[in-house]
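If you read the sequences in order, they're chains E and V. When we follow numbering that gives the first Met the number 0, the leftmost residue of the first sequence carries the number 0, and every step to the right adds one. When we follow numbering that gives the first Met the number 0, the leftmost residue of the second sequence carries the number 0, and every step to the right adds one. Even for Gly, the Cβ is constructed at its ideal location relative to N, Cα and C. In this text the structure is predicted, and so the values were computed from the model without any measurement.
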Amino acid sequence: MKKRLFLMLVAATAAFASVCAQSRSAIRLNEVMVENTPEGIADEYGAHRAWIEIFNANFAPIEISSIYITNDSTRPTLYPVPLGDVHTRIPKRQHVLFFADGEPNKGTFHTSFTLTPGQDNWIGIYDADGRTLIDEVVVPASLTAGQSWARQADGYGDWALRTGGEEDYITPSSANVIRDTNEKIQDFAERDANGWGMTVMAMCIVFSALLVLCLCFYAISKIGSLITRANKARTQSSGEHAVTARDVEHDTGEEIAAIVMALHEHLDAHDRENTILTINKVKRAYSPWSSKIYGLREIPARPTHH
Amino acid sequence: MDFGDFLLKNLRQFWELTGFANAEWGNLVMLLVGLFFIWLAIKKNFEPMLLVPIGFGILIGNIPFNTSAGLEVGIYEQGSVLNILYNGVSAGWYPPLIFLGIGAMTDFSALIANPKLMLIGAAAQFGIFGAYMVALAIGFAPDQAGAIAIIGGADGPTAIFLSSKLAPNLMGAIAVSAYSYMALVPVIQPPLMRLFTTKKERLIKMKPARAVSQNEKIIFPIVGMLLTCFVVPSGLPLLGMLFFGNLLRECGVCSRLAKTASNALTDIVTILLGLTVGASTQASQFLTPQTIFIFFLGFMAFIIASSSGVFFVKLFNLVLPKEKKINPLIGNAGVSAVPMSARISNNLGLEYDPGNYLLMHAMGPNVAGVIGSAVAAGVLLGFLA
């Protein structure tokens, strides 16, 4: 019973850990436009409405159906993201766009509330329980038409005004910082063109990892031998006869094999060493059906006529 | 259109689908390469477990067909059977499974008994970074150079794992190069070992390793995993599985799991990995000037790795007391071609002194090389991914 309870506890812990790992805490409000313009992005009906961009900061997909988006902190469950739409599963490090047009009947990505230009707009995302606030932002009243309020980088960093210019472009449904190269690789290519830096750093890390492991095992073997010595001393002081190498020195291979076979016979036990003596019964059952003698036929001898 | 025209039209269409109509010289060259691999494996006994699946995979991958016909048979066509099997390579989950098997097969006793041998495994990783520098000099980008350089680790699964992350387009050439040189370890290493050691050094007799307790064997994978993965979390898939496999082996209470991991599971994954890696070497992807450079760099990496292991032992001996000196013939075993390079150390040792068995001593750096190359892969992944 105790064992079963323990197993259930372990399973429950694992399940809880798994759920936590997949939690929706990585959902982020990423960019907001309160007043869209005809030059801005249009919804599937061609209308240019206010929009809210949500970003999955995780490196795994997140299902956002049943979370709540709201612009009223006193009504956290204002717009529940509907169930049953495949597009509510945001792939890793990707975005979805909600149009804040107050027309939820237009589709999953149309909220039941609108944003009001000229005043501060608070926007919040609540988890499915309607109580846990996942992320929030206050979009300042100073935003004019065609401007957005966005994080400096996807999923983190401070919020800043974007006017749509060369430097601060507006990026609905795409990364807030558009990169055309891998910065790390670019950095290595420029600063470590011959690879010495990488070699020195990497070899230091490889050596340190294995050196630490090496020192650790020196320490463990020392501790092990100290414990063995202490156990031996305790056994000797208690008057018990410790089995020493000298005791088994005279045992021949046959004697050892006999002891092992006796253990196998009577205790059905073997030690945990890799070499396991396996004793299988060898069957040599005789049957005339398999006997070669009966399988062979005499070669008929041609009668000789004289 | 009469019936004769109808038949002719269909036969013509069928002909256009056949391999004969779509064959290019590249396919034929690759078919010959595949046959050569199979010959090497069967006739020369060079790593047959790897070269037979890879060789046959090359044959499968280079059967010419009309790619625009939508047959969904090619390895790069989404949804094809080969493509589904290839996912284990492209997404990088075959190599950790192989590492699980390696862990379950490997006895780390030699290393635990003489932990300083771990440093030889670390030194041999210089082959990776030496090749990285040469690759940069040739003109490869840092991520490609890192993926190619890992060939110097002499570890096929690690090479596949890293190249699938850093340079997926070069993975076929890198994998074939890594496995080819692993098969050629008995040809590449002995001349270097002879060249860089004196007769006196080759005759060094090392003290037999002490017996390692069961507890130490159990502690090793746990501490090993924690320490190495804390230093290089990016190596977690490889190191985690390697040490997990070893814990299954040594704990003494999971013998069924250890047996499955080291036998059935490893065999299955080896078959799938070898076959799909071979099939990924389609002529259009494989027969490029880059492949020649990759093979050249792989050769360089093996030479640097083997030599640096030997040189490190020679250097190490300068500070070691006389009775603890290490035979530099085990330096080559720092590359992780297990147990081939350890066997070479032993054979060469016996050649110079018929009573000098170096196998168990060489197994120490050999398995340290497995850990070292996984750590090195983690480092490259951390810096360049």
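- Non-local C-beta neighbours of V/Pro220 in its own chain, meaning closer than 6 Å and more than five positions away in sequence, comprise Phe242, Asn245 and Leu246, ordered along the chain.
- Taking 8 Å as the CB threshold, V/Gly223 lines the interface with chain E.
- Contact between V/Ser162 and V/Ala146 holds: CB atoms are separated by about 4 Å, below the 8 Å threshold.
- Per DSSP, the continuous beta strand (DSSP E) segment holding E/Phe54 begins and ends at Trp50 to Asn55.
- Two segments are said to touch when three or more pairs of C-beta atoms, one from each, lie closer than 8 Å; by this definition the segment 34 to 46 of chain V does not touch the segment 254 to 272 of chain V.
- Residues of chain E with a Cβ closer than 8 Å to the Cβ of V/Asn214 are, in chain order, Gly223.
- Put simply, the CB of E/Gly194 is near chain V, with a gap under 8 Å to one of its CB atoms.
- Between V/Val318 and the set V/Ala40, V/Lys115, V/Glu46 and V/Lys43, the nearest pair of CA atoms involves V/Lys115.
- Distance from the CA atom of E/Thr107 to the CA atom of E/Asp84, rounded to whole angstroms, is 7 Å.
- Taking C-beta separations shorter than 8 Å and ignoring five residues to either side along the sequence, the partners of E/His47 in its chain run Asn35, Thr36, Pro37, Gly39, Ile40 and Ala41, following chain order.
- For the pair V/Asn61 and V/Asn113, the CB atoms are not nearer than the 8 Å cut-off.
- Under the three-state reduction of DSSP output, V/Asn346 falls in the helix class.
- In this structure, DSSP gives V/Phe292 a helical state, which the three-state scheme calls helix.
- The alpha helix (DSSP H) runs lying completely inside the segment 188 to 249 of chain V and spanning 4 residues or more are 198 to 201 and 213 to 230, given in chain order.
- By the Cβ criterion, the segment 262 to 277 of chain V is in contact with the segment 92 to 112 of chain V, since at least three pairs of Cβ atoms, one from each stretch, lie closer than 8 Å.
- By the C-beta criterion, the segment 365 to 383 of chain V is judged to be in contact with the segment 225 to 236 of chain V, since at least 3 inter-stretch pairs fall below 8 Å.
- Under DSSP, E/Ala152 shares a beta bridge with E/Tyr155.
- Chain order gives no chain E residues near V/Asp154, where near means a beta carbon separation below 9 Å; the closest approach is about 13 Å.
- Within 7 Å of the CB of V/Tyr131, the CB atoms of chain E belong to Gly194, Met197 and Thr198, in sequence order along the chain.
- Within the same chain, Ile147 come within 7 Å of V/Phe139 by CB-CB distance, once the 5 residues on both sides are set aside.
- For V/Ile302, there are no neighbours in chain E by C-beta distance under 7 Å, as the nearest C-beta there is about 16 Å away.
- In the DSSP assignment, V/Trp24 falls within the alpha helix (DSSP H) that extends over Trp24 to Lys42.
- Secondary structure at V/Trp92: coil, using DSSP grouped into helix, strand and coil.
- In terms of Cβ geometry, V/Ile329 and V/Ser344 form a close pair [threshold 8 Å].
- In this structure, V/Met299 places its C-beta atom within 8 Å of the C-beta atom of V/Ala130.
- Listed in chain order, the alpha helix (DSSP H) runs fully inside the segment 121 to 209 of chain E are 182 to 190, counting runs of at least 4 residues.
- Interface annotation, E/Met202: in contact with chain V, CB-CB separation under 8 Å.
- Rounded to whole angstroms, the gap between the alpha carbons of V/Ala122 and E/Phe206 is 7 Å.
- Excluding the 5 residues flanking it on each side, E/Ser24 has same chain C-beta neighbours closer than 7 Å at Ile133, in chain order.
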